[in-house]
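Asks:
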Amino acid sequence: MYPIFFLASCLVLSLLGHLASASPVVRKSLNPKYVQKRSPVTASAFAATDAEWPTNVLFTGASQTYGLWVPMDGAWYDLGGITCLGLPAYAEGPCNGVTINAVGVVAGDGPCSFLGNDGYSATLPGNAGDGWFAVAPPQNIMSAKCG
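Numbered by mature numbering (1 follows the signal peptide of the UniProt record, and there is no 0), the letters in the sequence shown go through residues -22 to -1, 1 to 125 in order.
In structure tokens:
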């Protein structure tokens, strides 16, 4: 009985050994051709100028600050068609898709009017030193006009 059990065990272990070694582990060394010297990263590489991302309206929502440009022609604009740049994450998206709790207008670019999706309505003069104006309750700003 023991020789048959031993023979059967050897046969099973042999089959399992062949199945387990079907894909051997291959160790590759680091290829020095992929290692290249690169120039150091500086803050100036990430600095945006006014020409690259002009901003006359700022929103805050949670820990993000959003910058956008509303044309100063006195016409109402749907903010779903205006792209916001969110900092510090550098995220881009439609301006009407984020919940806003404060609005600011760059000095000299007012007055600007805003309409929210939950009853918010305000006209901000955009005077120097005005700072942020609360949006209560926090809500999506759906449309805006400046000028």
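We put the CB at the ideal spot given by N, CA and C, even for glycine.
(1) Touch check for the stretch 95 to 110 and the stretch 52 to 69: three-plus C-beta pairs under 8 Å?
(2) Going by DSSP, what residues sit across from A80 in a beta bridge?
(3) Is it right to say Y68 is buried, meaning 16 or more other beta carbons lie within 10 angstroms of its own, or is it exposed?
(4) Rounded to a whole number of angstroms, what is the C-alpha to C-alpha distance between G75 and P115?
(5) Quick one: give me the first and last residue of the beta strand (DSSP E) that M50 is part of.
(6) How big is the Cα-Cα spacing for V83 and D96?
(7) Can you check DSSP and say which residues form a bridge with S121?
(8) Taking a contact to mean a Cβ-Cβ separation below 9 Å, would you say G52 touches T33 in this structure?
(9) Using C-beta distances below 7 Å, list every residue in its chain close to S121, excluding the 5 sequence neighbours before and after it, in chain order.
(10) Classify G45 as helix, strand or coil using the three-state DSSP reduction.
(11) With a Cβ-Cβ cutoff of 9 Å, do I78 and G39 count as a contact?
Replies: This is what the structure holds:
(1) Segment contact: the stretch 95 to 110 against the stretch 52 to 69, fewer than three CB-CB distances shorter than 8 Å; contact not assigned.
(2) Paired residues: T38 and A112.
(3) With a 10 Å radius around the Cβ and a threshold of 16 neighbouring Cβ atoms, Y68 comes out exposed.
(4) Rounded to whole angstroms, the gap between the alpha carbons of G75 and P115 is 16 Å.
(5) Taken as a continuous stretch (DSSP letters only), M50 belongs to no beta strand (DSSP E), as it is neither H nor E.
(6) Roughly 21 Å separates the two Cα atoms.
(7) Beta-bridge pairing links S121 to D56 and L93.
(8) At a Cβ-Cβ threshold of 9 Å, G52 and T33 do not count as neighbours.
(9) Only W54, Y55, D56, L57 and L93 meet the Cβ criterion.
(10) Strand, per DSSP.
(11) At the C-beta level, I78 and G39 come within 9 Å of one another.
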